[in-house]
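Number of protein chains: 2
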Amino acid sequence: MPVVTFLPSFRKVTVPRGSTILDAARAAGIEMNVVCGGEGKCGKCVSVVKNGKVTVDETRLSRFFSPEEREQGYCLACMSFIDEDIQVFLPESSLVQAQQILIESLGRTTEFHPAVWKYAITLKPPTLENPSPDLSRLLWGVEQAGGPPAKKVYAPLEIIRRIPRILRDSGWHVTATVALVPGAYRLINLEKGDTAGRLFGVAIDLGTTTIVAYIRNLSTGDMVGVGSTYNRQISCGEDILARVNFAKREGGLSTLQSLAVESINTAITEAANRGGIDCDDIYEVVVAGNTIMTHILMGIDPGYMIEEPYVPVVRRHLTTSAGRIGVSVGNTAPMFIFPAVSDYIGGDIVADILACGMAEHEEVSLLVDIGTNFEVVLGNREWMISCAGAAGPALEGGEVLFGMRANPGAIEHVTLDPETLEPHIETINGGKPRGICGSGLIDLLAGLLEACVIDRTGKINTGISHPRIRMGAHYPEFLVVEREKSAIMKDIVITERDIKNLIMSKASVLAACFTLMKVVGVTTDAIKSVYFSGAFGNYIHKENAVTIGLIPEVDPSQIHTIGNGAIEGASIALLNRKARKRLDEIAHSIGYVELNASSSFMEEYTRATFLPHTDLSLFPRVEERLKACRLRRGAGP
Amino acid sequence: MPVVTFLPSFRKVTVPRGSTILDAARAAGIEMNVVCGGEGKCGKCVSVVKNGKVTVDETRLSRFFSPEEREQGYCLACMSFIDEDIQVFLPESSLVQAQQILIESLGRTTEFHPAVWKYAITLKPPTLENPSPDLSRLLWGVEQAGGPPAKKVYAPLEIIRRIPRILRDSGWHVTATVALVPGAYRLINLEKGDTAGRLFGVAIDLGTTTIVAYIRNLSTGDMVGVGSTYNRQISCGEDILARVNFAKREGGLSTLQSLAVESINTAITEAANRGGIDCDDIYEVVVAGNTIMTHILMGIDPGYMIEEPYVPVVRRHLTTSAGRIGVSVGNTAPMFIFPAVSDYIGGDIVADILACGMAEHEEVSLLVDIGTNFEVVLGNREWMISCAGAAGPALEGGEVLFGMRANPGAIEHVTLDPETLEPHIETINGGKPRGICGSGLIDLLAGLLEACVIDRTGKINTGISHPRIRMGAHYPEFLVVEREKSAIMKDIVITERDIKNLIMSKASVLAACFTLMKVVGVTTDAIKSVYFSGAFGNYIHKENAVTIGLIPEVDPSQIHTIGNGAIEGASIALLNRKARKRLDEIAHSIGYVELNASSSFMEEYTRATFLPHTDLSLFPRVEERLKACRLRRGAGP
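Residue numbers (my numbering), protein chains in the order written: chain A, 1 to 637; chain B, 1 to 637.
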């Protein structure tokens, strides 16, 4: 049976021989204008057959189309019968609604409104009778093929210079790429022949540690390939402060910038190789990163952000061309950099907000992004408020004796039998344990608390006589994995000091949440969703995060992990230019609370240095459960 | 008495001590909003004192302005008394109408709407309480100073990178330059301190032979300096065809482009030196040139315009940045290139049209631009039609025995005594004659015709016995200047062959005019104005141009010379961005008649190879005069 491919969406459908294009469109879920009911009378269902042939009644069509239009493939969908595989372009005017492709991402769908299009066109060569200029001829062809009006397309000199040669060398059969840039359409490429199927874009998460690239097909929205790499700037300093200080050296900024670009190019190349595409066919780049990273990438001095009064140079979104920055994709590809809220709340968090959709919800949501630093955003579509702080390294496994990053061999989940205190552990990759990563540490804390091994201050109850509870070299400790079962030939333990460090870290996050809630007068009841962004949040056991008081007590069903929100948000912006439009507005409207200057935060912090909190009435379900546990262990209510 | 300078117009006025700003504005012809009649009640006449002090009643002003605004110089014009020289910025909202400066040019006035502005501002340094980003702070300052809304200003990366350093090094006292580019405002420069007085633009006539630059003050519209130079491309070929052929060589186009840029830079530097300004303070460049010249300047292959089917690559206006092309003005200065009508009717002719204003008139005008080639445009604000052709070199003094260009020593005017046949001559610079230039040749032709020395075919009546009428080496000739009175120690004569060549040249122009008139069905009566553009037209004796039949017979009072229309038109476009808006539309709507393909033209040409024309009824006044002359000389009617 013949396959019909609809352009510009590239939606495909297989139909029985003899079907009309209108039948095929219906089968593909595309609603066309058919005022006359499909009887060839109203002339609304105009279609353009681009490849292959259809059977039509020429005399009937002559009412609607000139001979030139017929030659170009113009026909009526209801009167064109399909015998073979064809490609059909459907002008917007022939559709009841513009073709909308919904892209699934995180269970959310986003509308597909790319900002770059390709038009494969065959032009009539100029003659003495029609000697119109090459550029007009080309842009008129683009307009005829469903592109923007010729008058509204800006052609940069670099492209204009190439036009006459390409048109003639290709026998006037070319593909034009047009991008919607702020305020105008721009002709960004011209290629010989039909390259319309090769139209890609890349979303980049520019992290301090890791860089991730998603290549998407900008005709279909499909994922093409993923790539990731370490940020090579690490050679200039592990943490972000070290990078900024490095940038202050002679030539430091340009070194850091080159390394960022190099890393991005590595990630893009990996993604392109996996997808089997050529980087030159990437026509748009969208980057989300923290404020310092994006300053560095753009070659803008980040130094003023670490000195009082801590100001970024730019907060709004930036646009430039990938070629100018050195990103190795199509040279004229536009590049969009996410706007930031402040020096501490960067484009990565704005991307998180886009990814979780909280800026569109009527209900109040809480977004928590935890790494060495954490960022918290509270709000809904009317208002938003944010803060950021240092969580300390404990939640990422630092400053914990057997803590480690979420690498192979890390214990990522622990369940403690409340009776026997026997831990059931799961490691990343299933191998022998080498240490414990963040999510495992949270599980452990919750398990030890519920088993009454530790009290709400984190103190180990050494009064319990159990082989796993013992005195270590310096501090009391709990034995998680025996030496012989570990991959490191050591007992893997968690010490009381580890636990105190973890409590201090989690207290910062919880205090930040409560501080924001206090500023806007919102109680826990009002929060309908909590979104965890980042690798840490992704593997967290939701109930245990509440049990230890990392976040306010909401029902676990209200807690959602959005994975790498930065790349997901960048991806949405890449696929849906309309989503980009609101980003500046969102970023600009988000309030920022400086925790260091907030006495309220210090108070909240002190109150949060208990498991889950000094005031158990704020965690009624946890209180209930702890009471039950204590009764079970006979420890009294 | 104190001098008040109003911004942004830089209009100055001297007023008695104790006058209000409102008084001063009235004296300067600026109408301010004073709903309350100037009693300090309505708060409409907001002004901002930028330099100097005024005496105000602070308590009264506190109703209208915050302390911050007062600190910035905000006051009410009607309640602020002048004691010393001040600079006052008047926001548009305080004016009854936007300040409009009319610029005189060719007796025409053009409204002054520049596309580039400077804003000298003093910003508050960031504090912990107000840590907004540098870019926002700057653009907000620009907005406060009467500039475009911060949100609408696009800042390119190159400028953003420089912002933090300049703001801090200048103590937050800077001047921002903003340009209106297609679709957006663009921040194009940032300088330390107040440089608002240094804002210039340059208009360029890019001719095949000569390049002219006019530098204008973009705050006042004033002319600053003029520069001109030969087009250095002449080393690659004298005429335009030779240049296009040179462009086809390996590296030829880029050589020609560099030479064009070099010549432009020479002309600009000369104009800048004369005006005593720095080229870096030039913030906009507008170029008018023929289609081939502008293609070459932009690095676009002009080759397809000289091969069938003769197509330019681009016809619409182009914008780029001067820096990208290599024009040595402010690096980020936008550059505007006039649109063309066709390969033969270039941006120089579109500039002519702008300069003479024919596209705004209801009445029909005829524009004639004569050089080696000629261009003719006929029309009004509803329609326009054009053609171009080769006039041959005769009208420029070529192919004429003693013909020469309009250089010192050239006879530019001749009056022949109809009785004595004694010529009265005027030479350029008043020196001894060396030859005859175009305008002199036309005078001579008219004089000889009216004296019946030649007949309407150009034949010399050797039957007249007069020492000045004689047989030369090959042809009959008329002695214009005797050997001893000439600078070249030779008799300066005009031969019958010279006269025939001149008739062929003038016949081309007249036939072109009649062909266009025929195409649109317009008779001579309907033509209310004839505009001569170009150096040739500038010195022509209007009546004689009609007498010989160079143009259709209109009253001499209807003939206007617009001088170098290309530079005048470019100048208008530089000063009035609103005039630019219509250029593409004008250029696009002008019809083009290909004379070589027109049988009508060949017919008209044959009919025009008489003085003034084979059909004297088309030149009734000339007919009348010739009859009178013939009678006077007893030659019969």
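Built from N, CA and C at the ideal position, the CB exists for glycine as well. Since we're looking at a predicted model, the values are computed, not measured.
According to DSSP, is residue i part of a helix, a strand, or is it coil?
i	result
residue 90 of chain A	coil
residue 246 of chain B	helix
residue 522 of chain A	coil
residue 482 of chain A	coil
residue 372 of chain A	coil
residue 662 of chain A	Any answer about residue 662 of chain A is impossible in this case: the structure gives chain A only from 1 up to 637.
residue 114 of chain B	coil
residue 403 of chain B	strand
residue 589 of chain A	helix
residue 338 of chain A	coil
residue 309 of chain B	coil
residue 613 of chain A	coil
residue 490 of chain A	coil
residue 504 of chain A	helix
residue 620 of chain A	helix
residue 638 of chain A	This structure cannot settle anything about residue 638 of chain A, because the visible part of chain A is limited to 1 through 637.
residue 640 of chain A	It is not possible to answer for residue 640 of chain A, since the shown part of chain A is limited to 1 through 637.
residue 71 of chain B	helix
residue 356 of chain A	helix
residue 228 of chain A	strand
residue 466 of chain B	coil
residue 51 of chain B	strand
Are any of the Cβ atoms in chain A nearer than 9 Å to that of residue i?
i	result
residue 475 of chain B	no
residue 615 of chain B	no
residue 232 of chain B	no
residue 298 of chain B	yes
residue 342 of chain B	yes
residue 332 of chain B	no
residue 308 of chain B	yes
residue 320 of chain B	yes
residue 30 of chain B	no
Going along the chain, which residues of its own chain have a beta-carbon closer than 6 Å to the beta-carbon of residue i, five neighbours each way excluded?
i	result
residue 262 of chain A	232
residue 623 of chain B	616
residue 590 of chain A	341, 384 and 386
residue 294 of chain B	337 and 347
residue 98 of chain B	Because residue 98 of chain B carries a pLDDT of 43, less than 50, the predicted location of this residue cannot be relied on, and the following value inherits that uncertainty. Closer than 6 Å at Cβ, skipping near neighbours: 92.
residue 573 of chain A	286, 579 and 580
residue 48 of chain A	73, 74 and 89
residue 360 of chain A	381
Taking 9 Å as the CB-CB limit, is residue i close to chain B?
i	result
residue 313 of chain A	yes
residue 363 of chain A	no
residue 184 of chain A	yes
Who are the Cβ neighbours of residue i in its own chain at under 7 Å, not counting the five residues just before and after it?
i	result
residue 327 of chain A	261, 264, 265, 285 and 335
Apart from the five residues just before and just after residue i, which ones in its own chain have a Cβ nearer than 8 Å to its Cβ?
i	result
residue 152 of chain A	184 and 185
Assess contact between the region 185 to 205 of chain A and the region 112 to 124 of chain A, defined as three or more Cβ pairs (one per stretch) separated by less than 8 Å. Is contact present?
At 8 Å Cβ cutoff, the stretches touch.
Which residue spans inside the region 130 to 205 of chain B form an unbroken beta strand (DSSP E) run of at least 3?
Whole beta strand (DSSP E) segments, 3+ residues: 173 to 181 and 184 to 192.
The region 298 to 305 of chain B / the region 239 to 259 of chain B touching (three or more Cβ pairs under 8 Å):
Taking a cut-off of 8 Å on C-beta distances, the region 298 to 305 of chain B touches the region 239 to 259 of chain B, as three or more cross pairs fall below it.
Three Cβ pairs or more, each shorter than 8 Å: is that satisfied between the region 566 to 584 of chain B and the region 312 to 319 of chain B?
Cβ pair count under 8 Å is three or more, so yes.
Taking three-plus beta-carbon pairs below 8 Å as touching, is the region 472 to 487 of chain B in contact with the region 347 to 359 of chain B?
Fewer than three Cβ pairs drawn from the region 472 to 487 of chain B and the region 347 to 359 of chain B lie within less than 8 Å of each other, which leaves the two stretches out of contact.
Quick one: any contact between the region 389 to 406 of chain A and the region 482 to 497 of chain A, if contact means 3 or more CB pairs under 8 Å?
Enough Cβ pairs lie closer than 8 Å, so yes.
Taking 8 Å as the cut-off, does the region 558 to 567 of chain B touch the region 461 to 471 of chain B (at least 3 CB pairs, one atom from each stretch)?
The way I'd put it, the region 461 to 471 of chain B doesn't touch the region 558 to 567 of chain B; fewer than three beta-carbon pairs between them come closer than 8 Å.
Beta strand (DSSP E) runs wholly inside the region 516 to 568 of chain A, at least 3 long, in chain order:
Counting only runs of 3 or more, we get 527 to 533 and 559 to 561.
Are there three or more Cβ pairs, one per stretch, closer than 8 Å when the region 220 to 236 of chain A is compared with the region 124 to 136 of chain A?
The region 220 to 236 of chain A and the region 124 to 136 of chain A do not touch, with fewer than 3 CB-CB distances between them shorter than 8 Å.
Specify whether the region 451 to 467 of chain A and the region 422 to 442 of chain A touch according to this definition: at least 3 beta carbon pairs, one from each stretch, less than 8 Å apart.
These segments do not touch.
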